[in-house]
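Reading through the structure tokens given below for one structure.
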């Protein structure tokens, strides 16, 4: 019985950390009082303690306590015993590398597949897909491989950005990058715009928030799906 | 005797492929009639043949012939015998992976260190640095490692983009990404804006074009350097 939120971002422009999704989280985490936070992705190089404090402050608004995984002697046991898990954003390569380094991929996957509620934002969402090959992040460390948790049968592209038709910059658009991905990989990719999330309940995967998402399937033209669309048939 | 051009981009907005730098290339390649083109980075998934034709068309304007490395039976010998080499842009992970796969990193490094003129644009510039850890590209394939040719004692960030202060998008800025790089790596990074290039002549590394470049040194505040600045003291 999976119970997962895969969010494009933690923060919307002009609002506080997790603010836009707090009502949803209150419902989502209604069975949990304590949330295990995995701060490994370290956005902007923030320390584990400072990052955990940020999560703690946000969750205090819905009366949940938060503990950083780095404060446990044994992170494997911390995951096994967690009432709920939150993996925050930052750098996806750093996050994945740390999860492999601490030997946490299997225990994390098992816990989530067995029903421990999981919230991922940004990098924490990338790792829910099949691989991290559609992250937007810079490859600042070299992880042992690019395989992710595979909790959904596709890849995530968080912070999905539509092409800026007025730009004079010649770097690739997000859409071009994902199309290049499909020259070497066949699995679908969901481009999740900021403010969108996927709600996974067992075998159901539903798009939430007010925006459409962009779906990229191998050898198909990309297309939009509206909120409340069931995405579990993608493969 | 190194003789290298490390260009941020192949193409400026509103002009043809390589057009902005053709006069410089005419001078740079004045000892070469034939240029060996390495199309491995495949921008947008273009075929090797089509990509080579694009390079051939541009270089025909300065009376140089271009041959794709994929048309040679033995790419090692093609590099050893090349009068000059051009590695075009596209996906840096794909490019690096192909170079390792074909066993070309050492022969390419040796040829360039021995004086074969080398032009890199975008991905072809990323591989001139110490590692590809400051590429902007999506990690669509997993290369055997992130080590690059190390022709200059720093990393390149091509298509460098200043933060857009009007944006409501919450993805990391380029500057934030490079600062995150420095949490795990100590070597300098040069952010090369589109239209800029580095001209490497033996031990000299000079910024060219009309724009300044942004230099990121470990534990220092980022700063700008003006065209004609000598960058060989960075390390």
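Protein chains in written order, with the working numbering: chain A, 1 to 235; chain B, 1001 to 1235. Yeah, the Cβ is synthetic: ideal placement off N, Cα and C, and Gly gets one too. A quick note: this is a predicted structure, and the numbers were derived from the prediction, not measured.
Interface residues of chain A facing residue i [CB-CB closer than 9 Å]
i, result
"residue 1179 of chain B", "44 and 45"
9 Å Cβ cut-off: residues of chain B touching residue i
i, result
"residue 102 of chain A", "Correct list: empty, because the minimum Cβ distance to chain B is about 16 Å."
"residue 145 of chain A", "1142"
Beta-carbon proximity list for residue i, same chain, < 6 Å, skipping 5 on both sides
i, result
"residue 76 of chain A", "107"
"residue 135 of chain A", "92 and 126"
"residue 1102 of chain B", "1075"
"residue 1105 of chain B", "1099"
"residue 202 of chain A", "1 and 2"
"residue 1182 of chain B", "1218"
Cβ distance (whole Å) where residue i is taken to contact residue j below 8 Å
i, j, result
"residue 194 of chain A", "residue 1138 of chain B", "Going by Cβ atoms, the distance from residue 194 of chain A to residue 1138 of chain B rounds to 18 Å, so no, they are not a contact pair."
"residue 1037 of chain B", "residue 1058 of chain B", "That pair is no contact at about 10 Å."
"residue 1155 of chain B", "residue 1189 of chain B", "5 Å"
"residue 1116 of chain B", "residue 1082 of chain B", "6 Å"
"residue 1235 of chain B", "residue 1113 of chain B", "Wrong, their Cβ atoms sit about 18 Å apart, outside the cutoff."
"residue 1192 of chain B", "residue 1157 of chain B", "7 Å"
"residue 80 of chain A", "residue 111 of chain A", "6 Å"
"residue 159 of chain A", "residue 8 of chain A", "6 Å"
Check whether residue i and residue j have beta carbons under 8 Å apart
i, j, result
"residue 6 of chain A", "residue 198 of chain A", "yes"
"residue 140 of chain A", "residue 1133 of chain B", "yes"
"residue 1207 of chain B", "residue 1225 of chain B", "yes"
"residue 146 of chain A", "residue 1100 of chain B", "no"
"residue 1065 of chain B", "residue 1033 of chain B", "yes"
"residue 44 of chain A", "residue 1176 of chain B", "yes"
"residue 1004 of chain B", "residue 1231 of chain B", "no"
"residue 1012 of chain B", "residue 1061 of chain B", "no"
Proximal residues of chain A, C-beta to C-beta of residue i below 8 Å
i, result
"residue 1001 of chain B", "By Cβ distance, chain A contributes nothing, its closest Cβ being about 31 Å from residue 1001 of chain B, past 8 Å."
"residue 1169 of chain B", "13, 159, 161 and 194"
"residue 1166 of chain B", "Within chain A, no residue comes near residue 1166 of chain B; the closest Cβ sits about 11 Å away, beyond 8 Å."
"residue 1071 of chain B", "Simply none; closest approach about 20 Å."
Sequence-distant residues of the same chain with beta carbon closer than 7 Å to residue i, five excluded per side
i, result
"residue 1063 of chain B", "none"
"residue 1051 of chain B", "1039, 1042 and 1088"
"residue 185 of chain A", "133"
"residue 67 of chain A", "34, 36 and 37"
"residue 1078 of chain B", "1036, 1069 and 1072"
Neighbour list for residue i in chain B, Cβ cutoff strictly below 8 Å
i, result
"residue 106 of chain A", "Those within 8 Å of residue 106 of chain A in chain B number zero; the least Cβ separation is about 20 Å."
"residue 6 of chain A", "The premise fails here: residue 6 of chain A is roughly 16 Å from chain B at the closest Cβ pair, so nothing lies under 8 Å."
"residue 132 of chain A", "1139"
Cross-chain neighbours of residue i in chain B, by beta carbon under 7 Å
i, result
"residue 216 of chain A", "Under the 7 Å cutoff, chain B gives no residues; its nearest Cβ is about 12 Å from residue 216 of chain A."
Within chain A, partners of residue i - CB distance below 7 Å
i, result
"residue 1136 of chain B", "171"
"residue 1201 of chain B", "Chain A residues near residue 1201 of chain B: none, gap ~27 Å exceeds 7 Å."
"residue 1176 of chain B", "44"
Close-in-space but distant-in-sequence residues of the same chain around residue i (CB under 8 Å, 5 per side omitted)
i, result
"residue 1178 of chain B", "1134, 1157, 1189, 1191, 1216 and 1222"
Stretch-stretch touch, CB-based, cutoff 8 Å, three pairs: the region 1023–1040 of chain B with the region 146–166 of chain A: no
Is the region 212–224 of chain A touching the region 1086–1099 of chain B in the sense that three or more CB pairs, one from each, lie closer than 8 Å? no
Is there contact between the region 1079–1095 of chain B and the region 1110–1126 of chain B, where contact requires at least three CB pairs shorter than 8 Å? Segments in contact, yes.
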